[in-house]
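See below for the structure under consideration.
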Amino acid sequence: MAGFGARAPEPVDIAMVPHPCVTVLVDLGEGGGLAYHARGRSERGSIVVGLLPGEFRVAGRGEGEYLQLRLEPVAAAAVFGASTELGGTMAPLEDLWGRDARRAEDGLRAATSWDERFAIAAELLGQRLDARSPVDPEVAHTWRRTSTSRGRVRVEDLAGEVGWSRKRLWSRFRSQLGITPKRAARLVRFDHAAHLLAAGHTPASAATESGYADQSHLNREARTFTGLTPSAVAAAPWLAIDDIAWPASSARPPA
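For the sequence shown, position 51 (counting from the first letter as 1) is numbered 51 according to UniProt numbering, and the numbering increases by one without interruption.
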């Protein structure tokens, strides 16, 4: 979780670089500030952004406060139910949580500190995690392996690890997480490359360290996932502060 304030007397138009998590943005104002745009659709207020929303932008002006949550797809499937409908889309939080969304917003707005807001959000998520069945253990294992390998593992190998056929793994993974195993691997690998770019690596270096065939391959993936060049990805405001807002998520190898 991260909390941030928007103070934009001048209009802003910021690209959000895709991250291998489902993103929840809770508007702690009254929904009149920033607007979110993806695939020809616009929303205001509190939203849920599924994996791979395409070119996702935040635009508008004004002041406000927002709570941002990142949920790994396995957790998001439990919090929001089967997440096929979240694959590549964004939706108002109210569409997924109904009246609970409004009650959650009211409780978060009434809190007097970010620590209190984080505690409230953690309790809400915990209640939903406890109330729903998790995804198949085989699907959860496949996601963890994809994440820890930074997308550099073959689907055939993952199917062998869990004792499923490639076809069954593909089907179950997509129905429960809203993305295919191969697409998930591409997203995780691109996320690693994007953080290397933000950390100052050249596109050629980031491509090599992330396992791309060459820089042109990284260029194509950057266009596919963000509509931006690698240089523009490196300078994206939200990505540039990622290690500050999310210190557990970085381009550094895990210990």
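The C-beta atom is built at its ideal place from N, Cα and C for all residues, glycine as well.
Q | Inside the region 193-240 only - beta strand (DSSP E) runs reaching at least 3 residues | A | For the beta strand (DSSP E) assignment, the region 193-240 encloses no uninterrupted run of at least 3 residues.
Q. Starting from residue 256 and walking both ways along the alpha helix (DSSP H), at which residues does that stretch end?
A. What is shown of the chain runs 1 to 255, which leaves residue 256 out entirely.
Q: Assign Glu43 to one of two classes, buried (16 or more other C-beta atoms within 10 Å of its C-beta) or exposed (fewer than that).
A: The count along the sequence shown starts at 1 and reaches residue 43 at position 43. Burial of Glu43 is indicated by the presence of at least 16 other C-beta atoms within 10 angstroms of its C-beta.
Q: Determine, using beta-carbon pairs with one atom in the region 183-192 and one in the region 139-153, whether at least three such pairs fall under 8 Å.
A: The region 183-192 vs the region 139-153: in contact.
Q) Counting pairs of beta carbons, one from the region 172-180 and one from the region 198-207, are three or more of them closer than 8 Å? A) No: fewer than three Cβ pairs fall under 8 Å.
Q.
Let me make sure I understand the geometry here. Which of Ile179, Glu138, Arg99, Thr180 has the alpha-carbon closest to that of Gly160?
A. The residue you call residue 160 lines up with position 160 of the sequence shown. Closest in C-alpha terms to Gly160, from the list Ile179, Glu138, Arg99, Thr180, comes Glu138.
Q) Which stretch, first to last residue, makes up the beta strand (DSSP E) that contains Ala111? A) As a first step, residue 111 is located in the sequence shown; it is residue number 111 there, counting from the start. Where Ala111 is concerned, there is no enclosing beta strand (DSSP E), given that its DSSP letter is neither H nor E.
Q) Using the beta-carbon count (16 or more within 10 Å), is Leu129 buried or exposed? A) By 1-based counting over the sequence shown, the position of residue 129 is 129. Under a 10 Å Cβ-count criterion, Leu129 is classified as exposed, with fewer than 16 other Cβ atoms of the shown protein chains found around its own Cβ.
Q) According to DSSP, is Gly33 helix, strand or coil? A) Here residue 33 is taken as the residue at index 33 of the sequence shown, counted from 1. Here Gly33 sits in coil by DSSP.
Q: Kindly list the residues whose CB is nearer than 6 Å to the CB of Pro254, restricted to its own chain and excluding five residues on each side of it in sequence; keep chain order.
A: Locating residue 254 in the sequence shown gives position 254, counting from the first residue. Residue placement at Pro254 is poorly supported in this model, since its pLDDT is 36, which falls under 50; the coordinates still yield a value, given next. Nothing meets the Cβ criterion.
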